[in-house]
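A.B. asks: What follows is a single structure, and I will ask about it in a moment.
Numbering (the working numbering), first residue to last: 53 to 260.
In structure tokens, the structure reads:
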């Protein structure tokens, strides 16, 4: 589906970038220190994944999320606009049962997953949805057309981008990074409290 108005896409891209940058600079990043004493190992690992240190790294992840998400949305819209045609053209070549069901699944995965990745909200789920869909698409292209780079290149770019987001995390300019300290602070505090109860008590010994 060609872009009807590229200026609108550029404006939306810039507006989303500015909004998420402002969000990232205003949220309480220091509510829970992933390296401090109050964080359990699991909470520290989660925060390290969601809050990648460094302004440049987070900016790069934001641009990657916006690029992959905005470009993937229309693929999901196309599938949901005519799921029967997509099922008979693409899904049927995979010899899967219930091709119409998988056509809807692919369309909703791309549409909802793209929005989650753009906003950085439940980013691992959104990135996993896009990665899974693109992995199946790559397999379908190889199955029907062989290793044709001109057919595979776009699918592999989407697959690599969504997989990178899944493995690296959303960066600081995301809703996930902003909410993580608030959601994990209680968990980290509870874990540290439990650990303190396991510490051996010091018994004073009087010298004679």
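From the three backbone atoms N, C-alpha and C, an ideal C-beta is built for every residue, glycine too. Quick caveat: nothing in here was measured; it's all calculated off a predicted structure.
(1) Between the beta-carbon of residue 180 and the beta-carbon of residue 218, is there less than 8 Å?
(2) State buried or exposed for residue 147, treating a residue as buried only when at least 16 other CB atoms are found within 10 Å of its CB.
(3) Work out the CA separation of residue 149 and residue 93 for me, nearest whole Å.
(4) Could you check whether the Cβ of residue 150 sits closer than 8 Å to any Cβ belonging to chain C?
(5) Got a sec? Which residues, its chain only, sit under 6 Å from residue 86 by beta carbon, not counting five neighbours each side?
(6) Looking only at C-alpha atoms, which of 199, 118 and 126 sits nearest to residue 170?
(7) Going by beta carbon distance, what residues of the same chain come within less than 6 Å of residue 143, once the five residues before and after it are set aside?
(8) Smallest Cα separation from residue 208: which of 195, 191, 222 and 223?
C.D. replies: Per the coordinate set shown:
(1) Locating residue 180 in the chain shown gives position 128, counting from the first residue. Locating residue 218 in the chain shown gives position 166, counting from the first residue. Cβ atoms of residue 180 and residue 218: closer than 8 Å.
(2) Here residue 147 refers to the residue found at position 95 when the chain shown is read from its first residue. Burial call: exposed.
(3) What you label residue 93 is simply residue 41 of the chain shown in a count that begins at 1. What you label residue 149 is simply residue 97 of the chain shown in a count that begins at 1. Straight-line spacing of the CA atoms in residue 93 and residue 149 works out to 43 Å.
(4) In the displayed structure, chain C is absent; only one protein chain is listed.
(5) Stepping through the chain shown from its first residue, residue 86 is reached at position 34. Only weak support is given to the placement of residue 86: the predicted model assigns it a pLDDT of 46, under 50, and the value that follows is read from those uncertain coordinates. Around residue 86, the same chain offers 96, 99 and 100 as residues with beta carbons nearer than 6 Å, after the five sequence neighbours per side are excluded.
(6) Looking up residue 170 in the chain shown gives position 118. Out of 199, 118 and 126, 118 has the C-alpha closest to the C-alpha of residue 170.
(7) As a working note, residue 143 is residue 91 in the chain shown. If we look at residue 143 and ignore the five residues flanking it on each side, its Cβ neighbours are 151, 154 and 155.
(8) For this step, residue 208 is matched to residue 156 along the chain shown. When each option's Cα is compared against that of residue 208, the closest is 191.
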